[in-house]
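Protein chains in written order, with our numbering: chain D, 2 to 297; chain F, 2 to 370. Using N, Cα and C, we set each Cβ at its ideal position, and we do this for glycine too. Since the structure comes first, as structure tokens, the remarks are kept for the end.
The following block contains the structure:
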């Protein structure tokens with residue numbers, strides 16, 4: 002009786018998130034998955050569903066052509082690799098820039114920390130789109146930087162700062178840096194500083210103590226921050242669309258084009274499914290690594 | 002009070018002062034500690050004992066003064082270059098390392114050979130009797146086990162000086178007593194000079210060879226546990242160490258080493274043997290330990306110095322001893338403790354009985370400050 006009660010209560014607690022996940026993730030994903038195995042057609046909707054409802058019930062006719070296209074046309078592979086490269090690079094850069102910032106904030110006087118963290122989050126108060134647009138204004142050939150450099154006599158011709166590899170990476174790092182700093186700050190701030198005294202007491206110099214104590218203890222923050230930057234950066238659409246060029250094709254942009262320019266829903270869905278797999282693998286690896294760490 | 006440091010002492014703290022934002026945490030302390038001593042810094046919280054310990058470790062810099070360890074001036078030497086190790090109150094075990102890695106951490110900093118490290122770590126774990134836990138992470142240890150790991154980690158480098166910050170503070174009562182004896186055993190075995198900070202007088206008394214009592218950043222008394230208990234030099238020390246009855250009064254005379262004090266509180270003349278002469282009329286206090294007062298139904302023979310009559314108000318049975326609280330006609334209360342072995346053999350006292358209290362002239366301690 003009581004066991005039945007408690008399991009019912011457990012289900013009660015789990016039900017709302019399960020319902021949420023089912024409604025807003027599993028069902029849409031199942032739809033996308035279905036369309037990924039459909040054949041493109043002219044009509045509304047613009048595909049032939051692999052699920053056919055006939056007299057003998059439901060029959061399945063999956064079509065693998067979309068994935069074949071992904072495999073054969075090097076455009077998709079390049080877009081995937083570009084996305085991984087851009088996102089990976091942005092993650093590393095965010096870590097290199099964000100770690101010292103998070104560290105400095107976590108070690109600042111306690112009365113300062115809240116203010117400093119507010120400053121980190123402050124850019125979010127402005128729309129991301131507007132912030133990306135303003136980067137265009139800063140980077141374009143007659144933009145702020147080039148005007149300053151030319152006026153100061155350092156260069157004669159404007160530097161190509163926009164619509165290239167540099168501007169996309171800059172935009173990603175700028176846009177996602179707070180997502181790296183937040184989890185890093187949290188782990189660094191709660192760290193017991195007596196541990197560093199203990200390390201020093203045992204003959205460990207400050208730099209070594211950082212490498213042996215602080216860095217390993219902040220690993221959960223590093224992993225969380227990296228995922229928070231990497232995952233959305235892979236699928237990023239606005240930044241490569243506005244700051245990028247033909248050479249900086251990313252998978253989010255490809256998806257957009259397939260869907261809205263080519264109206265090829267099945268291929269767009271196949272791209273989305275492939276992208277999801279691309280993201281689930283690193284997350285799974287990270288989690289496996291974290292669990293292993295905990296078990297020692 | 003601050004003894005002039007002997008030049009030969011192993012650890013010399015010379016006129017050390019520490020200010021935090023203009024506040025004196027440690028005020029001009031000088032102290033000499035010999036090699037192999039088990040020395041306790043004892044005092045209430047906020048007395049500066051932990052600050053002094055942290056200056057010995059190198060985590061704080063003295064605002065003035067010098068710290069010399071084994072002849073070398075350590076005042077400005079950073080912690081990682083001092084031949085000193087510390088056992089932290091919170092233990093400060095590295096959570097991402099196993100017990101063996103924690104204990105071996107200090108040796109790895111010295112770049113020792115792996116085999117040597119393994120052997121030394123093994124010896125240390127044996128010494129503190131936790132060899133079976135070598136592969137565990139600190140999160141899976143009990144408080145007592147963590148304490149042992151912390152001790153092993155601090156001892157493994159064979160420091161010249163081991164600092165212990167409230168080493169038993171986080172342990173429960175039973176484990177605490179057991180660990181006290183164990184710390185003394187280990188200290189004898191390794192022969193390292195221990196400086197322990199504690200606010201618990203029992204802890205200091207039972208472990209230390211010498212104790213420094215601190216109050217508000219100053220040293221109040223330095224001595225063996227016996228000296229500090231039997232001959233406290235101030236009201237503060239007498240009151241801080243153990244239970245005490247304190248009577249205030251005025252000196253009335255001094256004759257062949259015997260000082261007489263008139264104390265209206267007790268209603269009797271208090272005689273104190275073997276004291277230096279004190280001018281008559283001086284305001285003083287007399288401290289008498291509860292176990293040095295005897296309890297009787299009848300008045301003691303002879304003159305009635307050091308004897309008062311009162312009413313027994315409370316009897317608290319504490320197992321090995323009982324505490325009696327006797328109210329005097331003046332309203333003051335005197336505390337008397339008797340061993341229960343004696344009490345059960347003698348006449349039993351009852352509450353609200355009229356009793357006589359008396360103590361010998363050697364029992365009282367004259368306190369002028």
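Neighbours of residue 195 of chain D across chain F, judged by C-beta separation under 8 Å: 89, 91, 93.
Restricting attention to D:234, D:162, D:194, D:258, the CA atom closest to the CA of residue 280 of chain D is found in D:234. Around residue 60 of chain F, the beta-carbon contacts reaching into chain D at under 7 Å are 198. Contact check for residue 255 of chain D and residue 80 of chain D: beta-carbon distance about 4 Å, within the 8 Å limit, so the pair qualifies. By the rule that beta-carbons nearer than 9 Å mark a contact, residue 132 of chain D does not touch chain F. Each of D:268, D:179, D:137 was checked against the Cα of residue 162 of chain D, and the nearest Cα belongs to D:137. Residues of chain F with a Cβ closer than 7 Å to the Cβ of residue 214 of chain D are, in chain order, 95. Among the CB atoms of chain F, one or more fall inside 9 Å of the CB of residue 201 of chain D.
Between the stretch 81-101 of chain F and the stretch 239-256 of chain F there are fewer than three inter-stretch CB-CB distances shorter than 8 Å, so the stretches are not counted as touching. Non-local C-beta neighbours of residue 226 of chain D in its own chain, meaning closer than 6 Å and more than five positions away in sequence, comprise 181, 184, 185, ordered along the chain. When the Cα atoms are used, residue 328 of chain F and residue 147 of chain F turn out to be separated by approximately 47 Å.
Look at the beta carbons and you see the stretch 95-114 of chain F not touching the stretch 237-257 of chain D: under three pairs across the two are nearer than 8 Å.
Rounded to the nearest angstrom, the gap between the Cα atoms of residue 284 of chain F and residue 349 of chain F is 38 Å. If you ignore the 5 residues before and after residue 66 of chain F, its C-beta comes within less than 6 Å of the C-beta of 15, 16, 17, 18, all in its own chain and listed in chain order.
Taking the C-beta atoms as reference points, residue 202 of chain D is found no nearer than 9 Å to residue 288 of chain F.
Under the three-state reduction of DSSP, residue 304 of chain F is assigned to coil, being neither helix nor strand. Apart from the 5 residues on each side of it in sequence, residue 38 of chain F sits with its Cβ closer than 7 Å to the Cβ of 194, 210, 211 in its chain, given in chain order. Nearest C-alpha to residue 13 of chain F among F:49, F:222, F:75: F:75. 99, 106, 107, 110, 111: these are the residues of the stretch 99-120 of chain F whose beta carbon lies less than 8 Å from some beta carbon of chain D, given in chain order.
When the Cα atoms are used, residue 111 of chain F and residue 291 of chain D turn out to be separated by approximately 30 Å.
Between the C-alpha atoms of residue 132 of chain D and residue 267 of chain D there is a straight-line separation of about 33 Å. DSSP places residue 269 of chain F inside the beta strand (DSSP E), whose first and last residues are 269-273.
Around the beta carbon of residue 300 of chain F, a 10 Å sphere encloses fewer than 16 other beta carbons of the protein chains shown; the residue is thus reported as exposed.
In this structure residue 166 of chain F is buried. Its beta-carbon is surrounded by 16 or more other beta-carbon atoms within 10 angstroms. Listed along the chain, the chain D residues whose CB falls inside 8 Å of the CB of residue 80 of chain F are 198, 201, 202. Neighbours of residue 218 of chain D across chain F, judged by C-beta separation under 9 Å: 95, 96, 97. Counting the other Cβ atoms within 10 Å of the Cβ of residue 271 of chain D gives 16 or more, which makes it buried. Contact between the stretch 196-206 of chain F and the stretch 168-186 of chain F is established, with three or more Cβ pairs separated by less than 8 Å. For residue 158 of chain F, the chain D residues whose Cβ falls inside 9 Å of its Cβ are 203, 204, in order along the chain.
Per the C-alpha coordinates, the member of D:68, D:11, D:13 positioned closest to residue 34 of chain D is D:68.
Residue 86 of chain F reaches chain D at 202, 203, counting residues in chain order whose Cβ is nearer than 8 Å. Under the rule that a run must span 3 or more residues, the beta strand (DSSP E) segments found entirely inside the stretch 45-82 of chain F read 65-70. Residue pairing by DSSP puts residue 48 of chain D in a beta bridge opposite D:41. Contact annotation: residue 200 of chain D and residue 223 of chain D have beta-carbon atoms that are not nearer than 9 Å. For residue 41 of chain D, same chain residues with a beta-carbon under 6 Å away, outside a window of 5 residues either side, are 48, 265, 267 in chain order. Nearest CB-CB separation between residue 26 of chain F and chain D: not below the 9 Å threshold.
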